[in-house]
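Going by our numbering, the first residue of the sequence shown is number 575, and it counts up by one from there.
All residues carry an ideal CB built from backbone N, CA and C; glycine is no exception.
Written below as structure tokens is the structure these notes are about.
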Amino acid sequence: DSDAPIVQVGTRALKSSAGYDLLALLCGSEGTLGIITKVTVKLHPVPQHVVALTCNFQSLHAAAQGVSTLITYGIDLVRCELLDDASIKAFNNSSQSDPLPARPTLFLELSSVTEMALQ
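Structure (structure tokens):
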């Protein structure tokens with residue numbers, strides 16, 4: 575039908591939980607619900623330098639604030655994993671490596687095309 579509406583889905587926001595995920599619905603429908611006529615993608619250069627960090631916090635709230643602060647300052651997080659104290663204890667019990675402090679812990683990975691940007 576030539577009168578079919580054109581619908582724009584997706585958002586520039588990092589996370590959005592408002593309403594149905596129409597983007598995933600359309601992509602997963604393999605053309606049965608609609609035809610994708612325009613796609614906008616953001617290309618990132620292959621990082622030349624990568625650094626991994628482990629950060630311990632006194633509370634889950636403090637760890638969440640730490641992530642929020644990194645995002646606010648525009649730090650590009652490649653990976654961000656949060657383990658609570660119970661998860662760290664379980665890891666310590668099953669690992670042969672040196673035990674980690676049983677506190678909320680962030681495992682971060684940052685990358686950049688220049689080493690100076692990671693300093």
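*For V683, I'd like the list of residues in its chain whose CB is within less than 7 Å of its CB, leaving aside the five on either flank, ordered along the chain.*
Along the sequence shown, one-based indexing puts residue 683 at 109. Contrary to the premise, residue 683 reads as Glu rather than Val in this sequence. Take E683, set aside five residues on each side of it, and the residues of its chain with a beta-carbon closer than 7 Å to its own are V624, A626, V652, R653, in chain order.
_Sufficient close CB pairs (3 or more, under 8 Å) joining the segment 634-641 to the segment 593-608_ = Taking 8 Å as the limit for Cβ pairs, the verdict is that the segment 593-608 does not touch the segment 634-641.
*To the nearest angstrom, report how far apart N666 and R677 are at their CA atoms.*
In the sequence shown, the residue the question calls residue 666 occupies position 92. In the sequence shown, the residue the question calls residue 677 occupies position 103. When rounded, the distance between both Cα atoms is 12 Å.
*asked:* Our contact map puts L656 next to L680 with C-beta atoms below 8 Å; I'd like the distance itself, whole angstroms only.
replied: If you number the sequence shown from 1, residue 656 lands on position 82. If you number the sequence shown from 1, residue 680 lands on position 106. The beta-carbon separation of L656 and L680, rounded to 6 Å, stays under the 8 Å limit for a contact.
_Output needed for I649: all residues of its chain with C-beta closer than 7 Å, excluding positions within five of it in sequence on either side, in chain order._
Walking along the sequence shown from the start, residue 649 turns up at place 75. Here the set comprises L684.
*Kindly indicate the opening and closing residues of the alpha helix (DSSP H) around T679.*
For this step, residue 679 is matched to residue 105 along the sequence shown. Boundaries for T679: no alpha helix (DSSP H) harbours it, while the beta strand (DSSP E) harbouring it runs 679-686, taken from the DSSP string.
*So V704 and P579 are in contact, right, with Cβ under 8 Å, and what is the actual spacing, rounded?*
The chain is shown from 575 up to 693; residue 704 falls before or after that span and cannot be answered.
*Report yes if the CB atom of L597 is closer than 8 Å to the CB atom of G608, and no otherwise.*
Sequence index remark: in the sequence shown, residue 597 carries index 23 (1-based). Sequence index remark: in the sequence shown, residue 608 carries index 34 (1-based). Here L597 is not near G608, since their CB atoms are 8 Å or more apart.
*Output the distance between the C-alpha atoms of D672 and A660, rounded to the nearest integer angstrom.*
Locating residue 672 in the sequence shown gives position 98, where the first residue counts as 1. Locating residue 660 in the sequence shown gives position 86, where the first residue counts as 1. The alpha-carbon separation between D672 and A660 amounts to approximately 17 Å.
*Where DSSP assigns a beta bridge to L557, which residues make up the other side?*
Nothing can be reported for residue 557, as the shown portion of the chain is limited to 575 through 693.
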